[in-house]
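Trainee: With our numbering, the residue at position 55 of the sequence shown is 57, and numbering never jumps. Have a look at this one before I ask anything.
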Amino acid sequence: MRRHMITGLAAACVLASAVMLGGCSGQDAGKKDAASETTAGTAAETEAPEEEETSAEAEIDPETMDIIKYNIYVEMNNYMVEVLDNVDSYYLVVEYADEFAFVPDSGYDYKFDIRYLNTDIIDDALAVADMEPAYEKLDDLAKQVAEPMRAMMDGFNKINKSSDFADNQYAKAKEYHAEIQGNVEAFEQLAYAFMDEISVIGNERMAAHEQKMLDEGNLIIYNSSHAITIVNQILAECYAQGVDDANITELDLTNIRPLYEELIATVAAYDEAVSDSNQIMKESLSNSAPFDGLLNSLSQSVEWMIKQVESGRPIEDPGSEYLGGIIHIQVVLSQCIERYNTVFVE
3 MRRHMITGLA
13 AACVLASAVM
23 LGGCSGQDAG
33 KKDAASETTA
43 GTAAETEAPE
53 EEETSAEAEI
63 DPETMDIIKY
73 NIYVEMNNYM
83 VEVLDNVDSY
93 YLVVEYADEF
103 AFVPDSGYDY
113 KFDIRYLNTD
123 IIDDALAVAD
133 MEPAYEKLDD
143 LAKQVAEPMR
153 AMMDGFNKIN
163 KSSDFADNQY
173 AKAKEYHAEI
183 QGNVEAFEQL
193 AYAFMDEISV
203 IGNERMAAHE
213 QKMLDEGNLI
223 IYNSSHAITI
233 VNQILAECYA
243 QGVDDANITE
253 LDLTNIRPLY
263 EELIATVAAY
273 DEAVSDSNQI
283 MKESLSNSAP
293 FDGLLNSLSQ
303 SVEWMIKQVE
313 SGRPIEDPGS
323 EYLGGIIHIQ
333 VVLSQCIERY
343 NTVFVE
């Protein structure tokens with residue numbers, strides 16, 4: 003079991019990329035409960051006969067079906083992150099071992115930060131896994147991860163709802179632990195493989211989508227989108243290095259500096275585009291400040307992080323939002339994504 007570097011806010015960023023690409027309803031990207039809306043809702047709200055499922059699938063054009071399936075997999079990705087957050091919280095309190103035991107002097111209660119999660123997303127993912135278009139790796143991974151993911155979610159949901167877990171020397175807590183401990187290794191391995199694969203696909207789709215914006219001369223939406231993309235890449239570099247606010251001074255800025263320079267240039271290009279009334283008219287915008295300075299705040303948040311690293315000073319309270327910290331970048335990025343979806347998608 004490893005400490006997970008992907009947070010709920012990072013998941014929201016992945017989700018919003020799907021929304022931006024798929025043209026779905028805007029999401030509240032700042033919420034930890036990342037239950038996404040897809041273009042046509044969930045793929046399998048009830049269990050219908052196979053003939054009806056086949057007929058319904060046939061009525062959806064391939065492009066729309068691709069969007070629906072992709073967004074369901076993005077939602078699955080986000081729920082995986084939520085489960086991993088629960089794993090982190092759980093093992094702050096309980097020993098990572100087959101036999102149930104508390105971590106000595108953890109300072110946390112048994113149910114600390116364990117959130118209830120709806121398992122319907124697993125059924126949705128399984129429903130589309132055999133549908134066209136085929137996502138060979140993701141389809142297979144979705145089928146493999148379904149069982150351990152459901153077991154993990156069920157175990158955590160029981161903990162969340164339980165009020166008598168301490169009775170009879172924590173008899174129920176021991177049952178819940180057996181369910182979680184017995185599936186955590188398989189779930190983590192498959193979840194990370196799934197998230198890596200959807201990240202690759204998402205990056206490819208976003209690059210093509212942004213190129214289309216650029217080719218059509220939609221400079222405001224392009225630079226807005228690309229600024230978000232760059233900051234996602236900066237955060238991905240932090241995660242890849244195993245760095246968060248607790249060890250931020252260890253961050254190697256070699257790959258981050260050129261991304262930051264690209265971000266500065268992108269925000270400047272956005273500012274130039276929104277100063278052109280003809281460009282605003284071309285993109286059917288109602289005002290010249292759709293982001294109200296949020297993109298400038300985004301670039302500033304990265305600048306502050308770089309300065310924090312260069313100072314060599316650790317962050318005193320790494321669990322809270324701090325100017326110069328990664329969490330602050332995530333918060334501002336979430337605000338930018340929410341605004342993007344409000345302005346360009348809804």
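Don't be surprised by glycine CBs; every beta carbon is placed ideally from N, CA and C.
Please report the distance separating the alpha-carbon of residue 328 from that of residue 107.
Mentor: One C-alpha to the other measures close to 28 Å.
Trainee: Kindly indicate which three-state DSSP category residue 346 falls into: helix, strand or coil?
Mentor: Residue 346: helix per DSSP, three-state reduction.
Trainee: Going straight from the alpha carbon of residue 62 to that of residue 116, what length do you get?
Mentor: Roughly 38 Å separates the two Cα atoms.
Trainee: Just to confirm before moving on: does the CB-CB distance between residue 265 and residue 232 stay below 9 Å?
Mentor: Yes; because the gap between Cβ atoms is below 9 Å, this pair is in contact.
Trainee: For residue 311, which option in 128, 249 and 277 has the closest C-alpha, if you only look at C-alpha atoms?
Mentor: The option with the nearest alpha carbon to residue 311 is 249.
Trainee: Kindly list the residues whose CB is nearer than 8 Å to the CB of residue 97, restricted to its own chain and excluding five residues on each side of it in sequence; keep chain order.
Mentor: Same-chain partners within the cutoff: 103, 104 and 105.
Trainee: Within 10 angstroms of the Cβ of residue 109, are there 16 or more other Cβ atoms? Answer buried if so, exposed if not.
Mentor: Counting Cβ neighbours within 10 Å, residue 109 comes out exposed, since fewer than 16 surround it.
Trainee: What does residue 104 pair with, by DSSP beta-bridge criteria?
Mentor: Answer is 96, bridged to residue 104.
Trainee: Kindly indicate which residue of 275, 92, 186 and 121 has the alpha-carbon position closest to the one of residue 81.
Mentor: That would be 121, whose Cα lies nearest to the Cα of residue 81.
Trainee: Whole angstroms is fine: what's the gap from residue 218's alpha carbon to residue 224's?
Mentor: Their Cα atoms are separated by approximately 10 Å.
Trainee: Let me check you understand the geometry: is the CB of residue 117 closer than 8 Å to at least one non-hydrogen atom of the ligand HEM?
Mentor: The model on display carries no ligand, and the ligand HEM is accordingly not part of it.
Trainee: Since I believe residue 335 is in contact with residue 300 (beta carbons under 8 Å), could you give me their beta-carbon distance rounded to a whole number of angstroms?
Mentor: Between residue 335 and residue 300 the Cβ distance is about 6 Å, and since that is below 8 Å, they are a contact.
Trainee: Between the Cα of residue 91 and those of 156, 72, 100 and 112, spot the shortest distance and give me the residue it belongs to.
Mentor: Closest option to residue 91, Cα to Cα, is 112.
Trainee: Assuming residue 195 contacts residue 143 (C-beta within less than 8 Å), just tell me the rounded distance between them.
Mentor: About 6 Å separates the two Cβ atoms, so the contact holds.
Trainee: Determine the DSSP secondary structure at residue 207, reduced to helix, strand or coil.
Mentor: Helix at residue 207.
Trainee: Which runs of the alpha helix (DSSP H) fall wholly inside the stretch 61-95 and span at least 4 residues, in chain order?
Mentor: Listed in chain order, they are 64-95.
Trainee: Rounded to whole angstroms, what's the CA-CA distance from residue 74 to residue 314? Just pull it up for me.
Mentor: Approximately 42 Å, taken between the alpha carbons.
Trainee: Return helix, strand or coil for residue 110, following the three-state DSSP convention.
Mentor: Coil at residue 110, not helix or strand.
Trainee: Can you grab the Cα-Cα spacing for the pair residue 420 / residue 238, in whole Å?
Mentor: Nothing about residue 420 can be read from this structure; the chain reaches only from 3 to 348.
Trainee: Measure the Cβ-Cβ separation of residue 304 and residue 282 and say whether it is below 9 Å.
Mentor: Going by C-beta atoms, residue 304 is not nearer than 9 Å to residue 282.
Trainee: Under the rule that 16 or more other beta-carbon atoms within 10 Å means buried, what is residue 202, buried or exposed?
Mentor: Label assigned to residue 202: exposed.
Trainee: Assign residue 303 to one of three DSSP states: helix, strand, or coil.
Mentor: If DSSP states are grouped into helix, strand and coil, residue 303 belongs with the helices.
Trainee: Sort 235, 131 and 291 by Cα distance to residue 278 and report the nearest one.
Mentor: Nearest C-alpha to residue 278: 291.
Trainee: Taking buried to mean at least 16 other C-beta atoms within 10 Å of its own C-beta, is residue 340 buried or exposed?
Mentor: Burial call: buried.
Trainee: Locate the alpha helix (DSSP H) running through residue 226, then write down its first and last residues.
Mentor: Element bounds for residue 226: 221-242.
Trainee: Taking the continuous alpha helix (DSSP H) assigned at residue 167, which residues delimit it?
Mentor: Taken as a continuous stretch (DSSP letters only), residue 167 belongs to no alpha helix (DSSP H), as it is neither H nor E.
Trainee: Would residue 293 pass as a contact of residue 333 if the rule is Cβ separation under 9 Å?
Mentor: No. Outside cutoff.
Trainee: Nearest to residue 71 by CA position, among 99, 88 and 126, is which residue?
Mentor: Of the candidates 99, 88 and 126, the one whose C-alpha sits nearest the C-alpha of residue 71 is 126.
Trainee: For residue 256, name the three-state secondary structure that DSSP assigns.
Mentor: Here residue 256 sits in coil by DSSP.
Trainee: So residue 294 is in the alpha helix (DSSP H); what residue range does that whole segment cover?
Mentor: Unbroken run through residue 294: none, as it is neither H nor E.
Trainee: Determine the extent of the alpha helix (DSSP H) in which residue 282 is found, giving its start and end residues.
Mentor: Start and end: 279-284.
Trainee: Mind checking whether residue 182 and residue 167 have CB atoms under 9 Å apart?
Mentor: No.
Trainee: If you drop the 5 nearest sequence neighbours on each side, which residues of the same chain put their C-beta closer than 8 Å to that of residue 220?
Mentor: Contacts found: 284 and 285.
Trainee: Apart from the five residues just before and just after residue 152, which ones in its own chain have a Cβ nearer than 8 Å to its Cβ?
Mentor: So the list reads 121 and 124, once near-sequence residues are dropped.
Trainee: Rounding to the nearest angstrom, what Cα-Cα distance links residue 323 and residue 317 in this structure?
Mentor: Cα-Cα distance, rounded: 10 Å.
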